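K.L.:
Residue numbers (our numbering): 140 to 289.
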Amino acid sequence: MVLAVLVLLGLVGGLVAWGLANRSSAEKWRDRDQAARVEVAKRVDELETTRDELSDTQDRLARLASEKANLADQREVLQQIVQDAPAVTEAMRECNDATTEVAALAISLSASPNPDFNELNDVIDQADSLCQGALSAADDLERTIDSLGL
């Protein structure tokens with residue numbers, strides 16, 4: 140019987156020792172779990188911050204791409220204006236020359252004893268046609284300039 144009590148006491152002592160050892164191990168695991176949770180929360184916050192920064196960067200890139208496209212469009216319009224301006228200037232010069240010719244012919248006909256107004260009408264029609272073309276070219280150029288939105 141003493142032996143049974145001693146075995147029982149040994150068994151109880153062993154279980155108590157095992158429980159204390161496990162308690163220490165459980166506390167270590169609990170501490171590790173808590174530290175891991177803190178680290179995970181920290182990494183999640185960093186990830187959210189990175190995601191927000193990435194979204195902001197994507198928005199900025201989209202705005203810059205749009206601005207670049209607008210600048211390219213404006214450059215194209217400016218190139219068209221530069222290309223068309225000499226033709227408009229030439230058309231205006233031709234119109235001016237034609238109206239000068241009309242005036243000169245009108246002056247010479249006024250001094251003539253038998254004026255030929257048919258010739259004057261023909262010159263006026265030519266001048267009108269040249270001036271209408273010049274005005275049309277100037278209107279086209281003005282619309283191109285207006286498309287810049289400045």
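Where a beta carbon is used, it is the ideal one built from N, C-alpha and C, also for glycine. None of the values given here were measured: they were computed from a predicted structure.
Quick check on leucine 269: buried or exposed, where buried means 16 or more other Cβ atoms within 10 Å of its Cβ?
P.N.:
Counting from 1 along the sequence shown, the entry for residue 269 is found at position 130. Under this definition leucine 269 is a buried residue.
K.L.:
Tell me where the alpha helix (DSSP H) around glycine 297 begins and ends.
P.N.:
The requested residue 297 does not occur in the structure, where the chain is confined to residues 140 to 289.
K.L.:
For valine 227 and alanine 266, which I take to be in contact (beta-carbon distance under 8 Å), what is that distance rounded to the nearest angstrom?
P.N.:
As a first step, residue 227 must be located in the sequence shown, where it is residue number 88. As a first step, residue 266 must be located in the sequence shown, where it is residue number 127. Not quite, the Cβ-Cβ distance comes to about 17 Å (not below 8 Å), so this is no contact.
K.L.:
Output the distance between the C-alpha atoms of aspartate 278 and aspartate 195, rounded to the nearest integer angstrom.
P.N.:
By 1-based counting over the sequence shown, the position of residue 278 is 139. By 1-based counting over the sequence shown, the position of residue 195 is 56. One C-alpha to the other measures close to 44 Å.
K.L.:
Out of curiosity, what's the CA-to-CA distance linking threonine 188 and aspartate 285?
P.N.:
By one-based count along the sequence shown, residue 188 stands at place 49. By one-based count along the sequence shown, residue 285 stands at place 146. Going from the Cα of threonine 188 to the Cα of aspartate 285 covers about 44 Å.
K.L.:
Might you give, ordered along the chain, the residues of its own chain that have their beta carbon closer than 8 Å to the beta carbon of alanine 230, omitting 5 neighbours on each side?
P.N.:
Along the sequence shown, one-based indexing puts residue 230 at 91. Around alanine 230: Leu269, Gly272, Ala273, Ala276, Ala277.
K.L.:
How about glutamine 197 and threonine 283: do their beta carbons lie closer than 9 Å?
P.N.:
If you number the sequence shown from 1, residue 197 lands on position 58. If you number the sequence shown from 1, residue 283 lands on position 144. Not a contact, by the Cβ cut-off of 9 Å.
K.L.:
With a threshold of 8 Å (Cβ to nearest heavy atom), would alanine 174 be considered close to the ligand PLP?
P.N.:
Ligands in the displayed structure: none, and consequently the ligand PLP is not present.
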